[in-house]
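Asker:
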Amino acid sequence: MCGIVGYVGCNQAAPILLAGLKRLEYRGYDSAGIALMNGESVRVLKKPGKIHVLEDAMEASSEMATCGIAHTRWATHGAPNEPNAHPHTSMDGDIAIVHNGIIENADIIRKQLVSEGYTFRSETDTEVVVHLIDYLWEDGAPLEKAVQAALRNVDGAYGIAVVSSRDPEKIVVARYGSPILIGVGNNGEMLAGSDAAAVIEVTRDVVYLDDGDCAVLTAEGYRTYHLEGHEVKRGVHKVTWALDSIEKSGYPHFMLKEIYEQPSSVADVMRGRILPGSGDARLGGILEHESELAQVERIVITACGTSWHAGLVGEYMLEELAEIPVSVEYASEFRYRNPVLEEGTLTLAISQSGETADTLAALTEAGQRGSTTMGVVNAVGSTISRQTDFGIYLHAGPEIGVASTKAFTSQLVALSLFTMFMGRRRSMSASRGHEIAQHLQMLPAQIQEVLKLEEEIRELARGYKDAQNFLYLGRGYQFPVALEGALKLKEVSYIHAEGYPAAEMKHGPIALIDEDMPVVVLAPRDPIYSKVVSNVEEVKARSGKIIAVVSDDAPELQGKVDHMIKVPHTLPHLLPVLTTIPLQLLAYHIAVMRGADVDQPRNLAKSVTVE
Ligand code: AGP
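Residue numbers (the working numbering): 54 to 664.
#1: Suppose you measure from the CA of GLU135 to the CA of SER143; what does that come to, to the nearest Å?
#2: Going along the chain, which residues of its own chain have a beta-carbon closer than 7 Å to the beta-carbon of LYS584, five neighbours each way excluded?
#3: Considering only C-alpha positions, which residue in the set LEU504, GLY332 and SER435 is nearest to VAL630?
#4: Would you call the stretch 489–499 and the stretch 318–325 in contact, with 3 or more CB pairs under 8 Å?
#5: So, under 8 Å CB-CB, MET475 and ALA607 are touching, yes? Tell me the CB distance rounded to an integer number of Å.
#6: Shortest alpha-carbon distance to PRO195 belongs to which of GLU502, VAL269 and GLU273?
#7: Under a three-way DSSP split, which group does ASN588 fall into?
#8: Between which two residues does the beta strand (DSSP E) containing HIS105 stretch?
#9: Just the C-alpha distance for VAL181 and ALA460, rounded to the nearest angstrom, thanks.
#10: Under the DSSP definition of a beta bridge, which residues are partnered with ASP333?
#11: Taking the runs of the alpha helix (DSSP H) that are 4 residues or longer, which of them lie wholly in the stretch 449–489?
#12: Should GLU197 and TYR278 be called a contact, given that it needs their Cβ atoms to be closer than 8 Å?
#13: For a test of the three-state rule: what should DSSP assign to MET617, helix, strand or coil?
#14: Using a Cβ-based criterion (distance less than 7 Å to any ligand heavy atom), does GLN405 qualify as near the ligand AGP?
#15: Comparing the CB of CYS357 with every heavy atom of the ligand AGP, is any distance shorter than 7 Å?
#16: Considering only C-alpha positions, which residue in the set VAL252, ALA467, VAL430 and GLU590 is nearest to ILE403?
#17: Tell me, which residues are paired with CYS55 by DSSP?
#18: What's the C-alpha gap between ALA594 and GLU507?
#19: Look up ASP266 in the DSSP assignment and say whether it is helix, strand or coil.
#20: Consider the C-beta atom of SER385 and the heavy atoms of the ligand AGP; say whether any pair is separated by less than 7 Å.
#21: Along the chain, where does the alpha helix (DSSP H) containing SER84 start, and where does it finish?
#22: For the ligand AGP, is there any heavy atom lying closer than 7 Å to the beta carbon of LEU657?
#23: Are there 16 or more other CB atoms within 10 angstroms of the CB of ASP109, so buried, or fewer, so exposed?
#24: Going by C-alpha distance, which of HIS184, PHE173, MET646 and ASP579 is nearest SER217?
#25: What three-state label does DSSP hand ARG647 in the structure shown?
#26: Put TYR79 into one of helix, strand or coil per three-state DSSP.
#27: Starting from THR417 and walking both ways along the alpha helix (DSSP H), at which residues does that stretch end?
#28: Compare the beta carbon distance of MET370 and HIS622 with 8 Å and say whether it is the shorter of the two.
#29: Is VAL661 close to the ligand AGP? I mean its beta-carbon at under 7 Å from any heavy atom of the ligand.
#30: Beta-carbon within less than 6 Å of LEU365's beta-carbon, same chain only, minus the 5 sequence neighbours each way: which residues are those?
#31: Quick test of your reading: GLU242 and TYR60, contact by CB under 8 Å. State the CB separation rounded to the nearest angstrom.
#32: Closest to ASP567 by C-alpha separation, out of GLY288, LEU524 and ARG287, would be which residue?
#33: Quick one: is the Cβ of SER360 within less than 7 Å of any heavy atom of the ligand AGP?
#34: May I ask you to report which of helix, strand or coil DSSP gives ASP579?
#35: Given the structure, does VAL455 come close to the ligand AGP, in the sense that its CB is under 7 Å from one of the ligand's heavy atoms?
#36: Under 8 Å between the Cβ atoms of ILE599 and VAL620?
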C-alpha cells in the first residue's frame, strides 16, 4: 500500500529517492516524506499530498547527503496530514523510520512508552516503533541490534527502513508480512524498496527478504540476518521486465496503456504453454506436481477484488471443462470462518501483486489446515508466489494503474490453461483440448479488434458520463464480467454501479430501473444467450437504457437495446476475455470525462497490504 525507498552510496541520495518514490506513487498517494542523513544529523521533510508537493518543497540543497529513506503513504492510522506522514523520528531526531503495514499492539506499546516519558507527535502506529528503537538502544550497540530488539516486541505486519545519525551511513530494513527488497548496485551503492519499481533505475539485481529477515545496507554491501540476530543467506534475482513497462510511453494514463497492452500480455501468458497437437497445456510451474494435481478432488479459489472475479470465471471453467468441484472465497472472509478443507483439496490463490494481505492470510490458513496451495500470480518473487507450493505466473509485466485491467485478462487465460491441463488429465478429449488451444491462440488478434472500438465507446461514454448509477448484468461466464465492469466504473469514475446475475435482477434490483438507469448487458452468443434476451426485454419494459455487448449481429436484440458493442466470437469460456475490454474502456472514458484521477483514484491503493 505505502511505498518505501532507501539509498546509501556515493551519490546524492535525494534525487534517487524522489525518482524511486515517483515509481512507487501508485502504491499510495496521500502524503510523502524523506529523511536525509549527512553523517551528523537526520533531516526530515514530509508533506501531505502527492510526491510533486514534497519535491516542490525540497529546497535545492548543496548539502551532500548520500544516505536516506523515503515513503509514500496510504493512510491506515490517522488522517493524511503532515504529522502522520512518514518518516517518523525519535524525540531527539536522531532516528528516522518509514513503515508499511500495521502494528497491532501499538496502543499497548504507546502507553508503556508514554509512562517512560516519551511524547508522541502523530496518531500513527509507526511512531511507537521509532521510540521503541530509541528506548531499547544499548550504548555502543549498532543500529541493527536496537531495531531487532524493538521488532521482537511488536505484533503485526511491517516492512521498515531505519536510519540514524548515531550509527550513520547505514540503512537497516526488516520485513514481516509486508514486502521489502534490497537493490544491489554496482558502484558502491545499495538500495531498499517495497517493490522492484523503486530500485530499477539503478539496478536490476534484487534480494527479496523473507518474513522475519532484517538487513544492513552500507555503501560497501549488505548483510541479511534473522531477527533473532544470526546471519542468513538470501540469493540475488534479476528483474527481467523493461523500464518502459513502468512508464506511460506516450499514453495519458497507465490504465489506458495497460488496456492497450492486452494483446501482448495475453500472448505472453500463453507463450510456450500451449500444445495444440495434443490439446494440452505445458505449465512449467506445475508440471512436476502433475501426480499431486491428479489426486485433487476439489479446488478452493481465494482472492480479492478483480482477482476474485477472475476466480469466479475459473470456477465455471474448471467445473464445466475439467469436472472438478470448485468454490470461490473472498480471502477476507475465508480466514475468519471455519473452512472445511478435506484431503484432496487444492487451495488456489489468485493475485496480481502477490502481496494482498487478505489473500496471503487465507493462504496461510489453508496451508496450516494441510491443504496444498497454488498461486496464479503476476508479480515475480512476490510473497504469495513464494508461499504457495507451486503456481503459474502471468508474465503480464508490472501493472501500475490502480484499476486492474491487463492482469484480469491474463488471469482468465492462465485459468483456462490450467483448466485445459486439469481437464486433459481427467475427462477432456484431445479434440476438445485442441479446439480450446486453437481459440486461445486467436485471442491476441481478437483483442486487437476489440481495441478498435475505442472511439465508439468514447462516444458512448459522452452520453452516460453524468449518470448517477449503473447496472451491469450477465449470466454464466458473463456474470463475473458484469461484476468486473461495475467495479471498474466505481473505482475510476466514482459512479455507483452494481453487477448482477441477469436473471436475479427480477428478485429485487429491477425496482431500480427507470429511464435514468443505464444497464450494461453482457449478451454474447453463448448457450444462455436466449435467456439473456428475455432479461433485456424485462429491462426495456421498464424504460432502462440498454448497452449490450454482443458477439454477432444479435438480430434478437435489434430495436430492443439502445447501443450495441460487438466483439469477435470465441468459445463461451473465453468470451470474458473479449467482453471485459469494452467495459474497461467505458469506465476509463467516463472517468476521464468526469475529470477523475484515473490512475490514482481516491482512497485506493494498488496493492492492499493491510487486512
Ligand atoms: C482492481 O481494480 C482493484 N484495484 C482491486 O480490487 C484488486 O484486484 C484487489 O485488491 C486484489 O489485488 P491483487 O490481485 O493484487 O491481489
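All C-beta atoms in this analysis are idealised placements derived from N, C-alpha and C, irrespective of residue type, glycine included.
Answerer: Result, derived from the coordinates:
#1: Against the sequence shown, residue 135 aligns to sequence position 82. Against the sequence shown, residue 143 aligns to sequence position 90. One C-alpha to the other measures close to 16 Å.
#2: Position 531 of the sequence shown, counted from the start, is the residue given in the question as residue 584. The answer, listed in chain order, is ARG528 and ALA556.
#3: Here residue 630 corresponds to residue number 577 of the sequence shown, with the count starting at 1. Comparing Cα-Cα distances from VAL630 to each of LEU504, GLY332 and SER435, the minimum goes to LEU504.
#4: yes
#5: As a position in the sequence shown, residue 475 is number 422, starting the count at 1. As a position in the sequence shown, residue 607 is number 554, starting the count at 1. So it is not a contact: roughly 33 Å between Cβ atoms.
#6: Residue mapping note: residue 195 aligns to position 142 of the sequence shown, counting from 1. Just measuring C-alpha positions, the residue of GLU502, VAL269 and GLU273 sitting nearest PRO195 is VAL269.
#7: Counted from its first residue, the sequence shown places residue 588 at position 535. Secondary structure at ASN588: helix, using DSSP grouped into helix, strand and coil.
#8: For the purposes of this step, residue 105 is identified with residue 52 of the sequence shown, where counting begins at 1. First-last for HIS105: 104–110, but that is the alpha helix (DSSP H), not the beta strand (DSSP E).
#9: By one-based count along the sequence shown, residue 181 stands at place 128. By one-based count along the sequence shown, residue 460 stands at place 407. Cα-Cα distance, rounded: 37 Å.
#10: Stepping through the sequence shown from its first residue, residue 333 is reached at position 280. BP columns for ASP333 point to LEU328.
#11: Fully enclosed alpha helix (DSSP H) runs of 4 or longer: 459–477.
#12: In the sequence shown, the residue the question calls residue 197 occupies position 144. In the sequence shown, the residue the question calls residue 278 occupies position 225. In contact: GLU197 and TYR278 (Cβ atoms closer than 8 Å).
#13: As a first step, residue 617 must be located in the sequence shown, where it is residue number 564. Strand at MET617.
#14: The residue you call residue 405 lines up with position 352 of the sequence shown. Because some heavy atom of the ligand AGP lies under 7 Å away, the Cβ of GLN405 counts as near it: yes.
#15: In the sequence shown, residue 357 corresponds to position 304, counting from 1. Relative to the ligand AGP, CYS357 has its C-beta within less than 7 Å of a heavy atom.
#16: Your numbering for residue 403 matches position 350 in the sequence shown. The residue with the shortest Cα to Cα distance from ILE403 is VAL430.
#17: Here residue 55 refers to the residue found at position 2 of the sequence shown. Residue pairing by DSSP leaves CYS55 without any beta bridge partner.
#18: Translated into the one-based positions of the sequence shown, residue 594 becomes position 541. Translated into the one-based positions of the sequence shown, residue 507 becomes position 454. Taken atom to atom, the span from the alpha-carbon of ALA594 to that of GLU507 is near 30 Å.
#19: Counted from its first residue, the sequence shown places residue 266 at position 213. In this structure, ASP266 counts as strand in the three-state DSSP scheme.
#20: For the purposes of this step, residue 385 is taken as the residue at position 332 of the sequence shown. The answer is no for SER385.
#21: Taking the sequence shown and counting its residues from 1, one reaches residue 84 at position 31. Looking at the DSSP string, SER84 is not in any alpha helix (DSSP H); the run it does join, the beta strand (DSSP E), is 84–90.
#22: Counting from 1 along the sequence shown, the entry for residue 657 is found at position 604. True, at least one ligand heavy atom lies under 7 Å from that Cβ.
#23: Within the sequence shown, numbered from 1, the residue matching residue 109 stands at position 56. Exposed is the call here.
#24: One-based indexing of the sequence shown puts residue 217 at position 164. Among HIS184, PHE173, MET646 and ASP579, the Cα nearest to that of SER217 belongs to HIS184.
#25: Within the sequence shown, residue 647 is the residue found at index 594, counting from 1. It is coil, neither helix nor strand.
#26: For the purposes of this step, residue 79 is taken as residue 26 along the sequence shown, with counting starting at 1. Here TYR79 sits in helix by DSSP.
#27: Your numbering for residue 417 matches position 364 in the sequence shown. That run of the alpha helix (DSSP H) goes 410–421.
#28: Within the sequence shown, the letter at position 317 stands for residue 370. Within the sequence shown, the letter at position 569 stands for residue 622. Contact annotation: MET370 and HIS622 have beta-carbon atoms that are not nearer than 8 Å.
#29: On the sequence shown, position 608 is the one that residue 661 refers to. Yes, since a heavy atom of the ligand AGP falls inside the 7 Å radius drawn around the Cβ of VAL661.
#30: The residue labelled residue 365 in the question sits at position 312 within the sequence shown. Once the five neighbours on either side are set aside, the close Cβ partners of LEU365 are VAL381 and PRO533.
#31: Within the sequence shown, the letter at position 189 stands for residue 242. Within the sequence shown, the letter at position 7 stands for residue 60. Right, their Cβ atoms sit about 7 Å apart.
#32: Residue numbering aside, residue 567 sits at position 514 when the sequence shown is read from its first letter. Nearest option by C-alpha distance: LEU524.
#33: By one-based count along the sequence shown, residue 360 stands at place 307. Yes.
#34: Sequence index remark: in the sequence shown, residue 579 carries index 526 (1-based). Coil, per DSSP.
#35: The residue given as residue 455 occupies position 402 in the sequence shown. Result yes, Cβ under 7 Å from the ligand AGP.
#36: Residue mapping note: residue 599 aligns to position 546 of the sequence shown, counting from 1. Residue mapping note: residue 620 aligns to position 567 of the sequence shown, counting from 1. Not in contact: ILE599 and VAL620 (Cβ atoms no closer than 8 Å).
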